[in-house]
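Be aware that the sequence shown starts at 0, since it is given in numbering that gives the first Met the number 0, and climbs by one per residue. Heads up, the beta-carbon is just placed ideally off N, CA and C, and yes, glycines get one too.
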Amino acid sequence: MIDAILVTGLPASGRSTLLLQLLKDPDLADARCAAGRPGAGGKKWRFGRCLCCSPEGDLSRLLNDLCSRQDELKLTHLLIETTGVADPAPFIKLFDNDKYRRQFTLRCVLNVVDLLHVQSILDENKDTGDQSAGSRGRVQLRCSDILILNHADELSESSVEATKRMLLSATEEASAPEILGPCSFCSLGKTLLSSIAAVGNRSERRVAPTTCEALPRPSMF
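See below:
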């Protein structure tokens, strides 16, 4: 089985930086990353189109290809980076397909949170006038198994703790995610991999929450 890990978070939160660090870990030597933009050398596949709303096209084709080539590739992990405005729920649902469940186990949804701009998640209306980004940030929170706090070293300890409480309250009816941080992305690998292993099989644990499919597409990203 290939362990799939979904990485989400609003634009500029640090998703790509996290993935680059994870791919350097020896335990992920046989991992590959799928994303909407280039990077990480030969370990990263680029999707042809935006994955904001639906992963059924390019990602499905990639999963089909990996299934047919697994004897050759011998992958252990697949890291999937969504775009910053993506709703994770359709990605989660894709792995419920019986065809993919025979080859992949969706381990968890990681959410990279930029604590310097956390209000873009917690506020429904942004000062910029874009009313959808805050809602999408909340949907990402409700889908998440693990929150990774970025830029926590630039805030006071009391501010970080207060922000943690606000983030957990924003998950609403969903199961409370684990929070990792403050921590450096460069030294996060082992801790994060241990936390992912402890999470178990996501598909056996939680049902994807309400999606943001009815929201207008963001105009600012």
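Counting C-beta atoms within 10 angstroms of its own C-beta, Asp2 has 16 or more neighbours from the protein chains shown and is therefore classed as buried. Ala88 is the residue among Ala88, Lys163, Ala169, Phe103 whose C-alpha sits nearest the C-alpha of Thr7. Spanning the alpha carbons of Ser143 and Ala28 requires a straight line of approximately 25 Å. Look at Asn96 here: in three-state DSSP terms it is coil, with no helix or strand label. The alpha-carbon of Gln20 is positioned some 32 Å away from that of Asp97. In this structure, the CA atom of Arg14 is about 25 Å from the CA atom of Arg100.
Here Ala151 carries a helix assignment [DSSP, helix/strand/coil].
At the C-beta level, Leu146 and Ile120 stay beyond 8 Å of one another. The criterion of a C-beta distance shorter than 8 Å is not satisfied by Val108 and Ser12. The beta carbon of Leu140 sits closer than 6 Å to those of Ala169, Thr170, all from its chain and outside the five residues before and after it, given in chain order. Taking the Cα of Ser59 as reference, the smallest distance to any Cα among Ala33, Leu74, Ser158, His76 is reached at Ala33.
Contact between Asp86 and Arg135 holds, with the beta-carbon distance rounding to 7 Å and staying under 8 Å.
Cβ-Cβ distances below 7 Å link Asp26 to Leu192 in the same chain, with the five nearest sequence neighbours on each side left out; the list follows chain order.
Annotated as distal: Ala30 and Leu17, with beta-carbon spacing of 8 Å or more. Here DSSP, grouped into helix, strand and coil, assigns Leu74 to coil. Under DSSP, the beta-bridge partners assigned to Phe103 are Ile1.
Leaving aside the five residues that flank Asn149 on each side, the residues in its chain whose CB is nearer than 7 Å to its CB run, in chain order, Ser12, Gly13, Val111, Val112, Asp113, Leu114.
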